[in-house]
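Numbering (my numbering), first residue to last: 37 to 114.
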């Protein structure tokens, strides 16, 4: 389901780790009813390239066609 929603595999894996830790009653993961997430660094070059693309474009000034072309470009990077 997460794959269909476009959620990054890194995030899905991290969620699985947290769920497994909760199911085995690790008290250090849960404190005062809050989960503490420590993001893992993503060093995959394709994600860094996509991040750079997203930061370089002004999506508020794009036409709908330009936005679709931009999404196609990002999809090609995956």
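Even for Gly, the Cβ is constructed at its ideal location relative to N, Cα and C. Keep in mind the model is a prediction, meaning the values are calculated, not measured.
Alpha carbon of residue i to alpha carbon of residue j, nearest angstrom
{"i": "residue 86", "j": "residue 103", "result": "15 Å"}
{"i": "residue 98", "j": "residue 111", "result": "17 Å"}
{"i": "residue 52", "j": "residue 81", "result": "24 Å"}
{"i": "residue 43", "j": "residue 37", "result": "9 Å"}
{"i": "residue 58", "j": "residue 46", "result": "19 Å"}
{"i": "residue 40", "j": "residue 48", "result": "12 Å"}
{"i": "residue 96", "j": "residue 106", "result": "12 Å"}
{"i": "residue 60", "j": "residue 94", "result": "45 Å"}
{"i": "residue 101", "j": "residue 109", "result": "12 Å"}
{"i": "residue 79", "j": "residue 92", "result": "19 Å"}
Top-ranked residue by Cα proximity to residue i, from the options
{"i": "residue 113", "options": "51, 101, 88, 96", "result": "88"}
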